[in-house]
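Trainee: Numbering (the working numbering), first residue to last: 2 to 333.
(1) So residue 114 and residue 224 are in contact, right, with Cβ under 8 Å, and what is the actual spacing, rounded?
(2) Along the chain, which unbroken stretches of the beta strand (DSSP E) at least 3 residues long are found entirely within the region 25-56?
(3) Can you grab the Cα-Cα spacing for the pair residue 33 / residue 110, in whole Å?
(4) Between 217, 57 and 231, which lies nearest to residue 260 when the distance is taken from Cα to Cα?
(5) Does DSSP put residue 235 in a helix, a strand or coil?
(6) Hey, how far is the Cα of residue 87 from the Cα of residue 252?
(7) Quick one, which of 264, 73, 265 and 182 has its alpha-carbon nearest residue 42's?
(8) What residues are listed by DSSP as bridge partners for residue 140?
(9) Where DSSP assigns a beta bridge to residue 223, which residues make up the other side?
(10) For a test of the three-state rule: what should DSSP assign to residue 4, helix, strand or coil?
(11) In terms of residue numbering, what span does the beta strand (DSSP E) encompassing residue 175 cover?
(12) For residue 292 and residue 316, what's the separation of their Cα atoms in angstroms?
(13) So residue 228 packs on residue 100, CB below 8 Å; how close in whole Å?
(14) Taking 9 Å as the cut-off, decide whether the C-beta atoms of residue 175 and residue 272 are in contact.
(15) Can we say the region 177-194 touches the region 205-216, given the rule of at least three CB pairs closer than 8 Å?
(16) Please confirm whether residue 151 and residue 230 have their CB atoms less than 9 Å apart.
(17) Assuming residue 98 is part of the beta strand (DSSP E), what are its boundary residues?
(18) How big is the Cα-Cα spacing for residue 332 and residue 12?
(19) Determine, for residue 321, whether the minimum Cβ-Cβ distance to residues of chain D falls below 9 Å.
(20) Got a sec, what are the start and stop residues for the beta strand (DSSP E) residue 294 sits in?
(21) Using DSSP's beta-bridge definition, name the partner residues of residue 217.
(22) Express the C-alpha separation of residue 323 and residue 4 in angstroms, rounding to a whole number.
(23) Tell me whether residue 85 is buried or exposed, calling it buried when 16 or more other Cβ atoms sit within 10 Å of its Cβ.
(24) Residue 334 lies in the alpha helix (DSSP H); which residues open and close that run?
(25) With the cut-off set at 9 Å, would you say residue 172 and residue 160 are in Cβ contact?
(26) On a Cα-Cα basis, can you pick out the residue from 318, 249 and 79 that is closest to residue 49?
(27) What do you get for residue 177, buried or exposed, if any count of 16 or more other CB atoms within 10 angstroms of its CB means buried?
(28) Among 54, 22 and 39, which one has its Cα closest to the Cα of residue 335?
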């Protein structure tokens with residue numbers, strides 16, 4: 002599709018900001034959304050029935066906004082949790098691509114523009130709407146917003162594209178995830194909406210969308226990982242990714258979703274029988290990893306079969322396995 006000047010129209014992107022009880026951080030997160038330089042952009046500010054002033058702040062900011070982007074603000078009537086909350090927002094979105102954001106992180110103004118520039122360079126290689134999703138390196142900030150480090154891009158990509166001297170795009174595919182070369186960077190995730198609609202809604206028991214979309218992305222295509230740091234990722238005690246939070250949760254809903262997505266991809270001939278077997282092993286590894294640390298958090302020694310599963314895993318380095326051995330033995 003082209004405009005009157007015969008130039009291709011830029012695709013609509015939805016900036017989906019998910020919030021829950023983040024009144025201390027939400028203002029900076031919304032300001033980051035409003036500051037995006039990319040157009041056309043719709044912004045959905047969505048609250049999961051917060052018990053603090055998160056939603057009220059979002060409403061106030063939306064009412065005062067007079068910029069170029071379309072802004073919607075909404076709140077769930079009851080707390081739904083991550084899976085159903087994501088489903089509702091993605092289903093309501095109008096964008097061809099969905100950019101995920103959390104209410105305690107801050108996106109740089111060029112985040113979406115940079116991602117769409119990457120797509121304009123790489124997308125010519127495939128016409129499939131499922132082909133690409135985008136992640137980037139992160140700048141780490143503390144509760145007060147002070148920068149204290151970074152989370153770089155993972156090493157080991159088989160193919161790298163240079164779009165400018167100081168920024169490379171690393172291309173990761175199915176085997177990279179299976180071999181432990183690809184890690185997630187959920188705060189910077191941008192996916193095609195088709196990726197969500199193809200695999201379907203995330204089940205209500207699934208407490209995270211992070212590993213789900215990473216898995217879906219490599220089942221269906223390629224993950225583009227930028228060296229540019231496009232998101233300020235806030236680390237604090239209430240992060241869902243904190244070990245005490247992450248490993249305390251039941252992994253059953255996540256496992257169920259991973260297996261359903263794998264079956265969908267296999268039935269649609271997106272992966273081979275051999276790749277299906279590799280992915281089943283990767284799922285079992287993740288089950289064992291969560292079981293190992295959940296048991297450790299309770300002060301008990303993990304089961305021997307769980308330990309053996311991790312030691313045999315092909316996607317863990319020898320250094321990581323040695324660390325797991327020390328943890329299993331209780332050696333500091």
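The C-beta atom is built at its ideal place from N, Cα and C for all residues, glycine as well.
Mentor: In short:
(1) Your pair residue 114 and residue 224 does not check out as a contact, with CB atoms roughly 20 Å apart and the cut at 8 Å.
(2) Uninterrupted beta strand (DSSP E) stretches at least 3 residues long and entirely within the region 25-56 occur at 42-48, given in chain order.
(3) In a straight line, the C-alpha of residue 33 is about 6 Å away from that of residue 110.
(4) For the set 217, 57 and 231, the Cα lying nearest the Cα of residue 260 is the one of 217.
(5) Three-state DSSP puts residue 235 in a strand.
(6) About 18 Å.
(7) Residue 42 has its Cα closest to that of 73, out of 264, 73, 265 and 182.
(8) Beta-bridge partners of residue 140 (DSSP): 151 and 233.
(9) Per DSSP, 133.
(10) Only weak support is given to the placement of residue 4: the predicted model assigns it a pLDDT of 48, under 50, and the question is left unresolved by the model.
(11) Residue 175 -> not in any beta strand (DSSP E); alpha helix (DSSP H) instead, spanning 175-179.
(12) Rounded to whole angstroms, the separation of the alpha carbons of residue 316 and residue 292 is 17 Å.
(13) About 18 Å separates the beta carbons of residue 228 and residue 100, which is beyond the 8 Å limit, so they are not a contact pair.
(14) Yes; because the gap between Cβ atoms is below 9 Å, this pair is in contact.
(15) The region 177-194 makes contact with the region 205-216: 3 or more CB pairs, one atom from each, lie closer than 8 Å.
(16) Yes. Within cutoff.
(17) Run containing residue 98: 98-103, per the beta strand (DSSP E) assignment.
(18) For residue 332 and residue 12, the distance between alpha carbons rounds to 53 Å.
(19) The question asks about chain D, but that chain is absent: this structure has only one protein chain.
(20) Here residue 294 belongs to no beta strand (DSSP E); instead the alpha helix (DSSP H) covers 274-298.
(21) Answer by DSSP bridge pairing: none, since residue 217 is not bridged.
(22) Low local confidence applies: a pLDDT of 48 at residue 4 is under 50, so the model's placement there is unreliable, with the coordinate-based value given in what follows. When rounded, the separation of the alpha-carbon atoms in residue 4 and residue 323 is 58 Å.
(23) Within 10 angstroms of the beta-carbon of residue 85 lie 16 or more other beta-carbons, which makes it buried.
(24) Nothing can be reported for residue 334, as the shown portion of the chain is limited to 2 through 333.
(25) Their beta carbons are under 9 Å apart, which means residue 172 touches residue 160 by this criterion.
(26) For the residues 318, 249 and 79, the minimum Cα distance to residue 49 belongs to 79.
(27) Buried, by the Cβ-count rule.
(28) The structure shown has nothing for residue 335, since the chain only spans 2 to 333.
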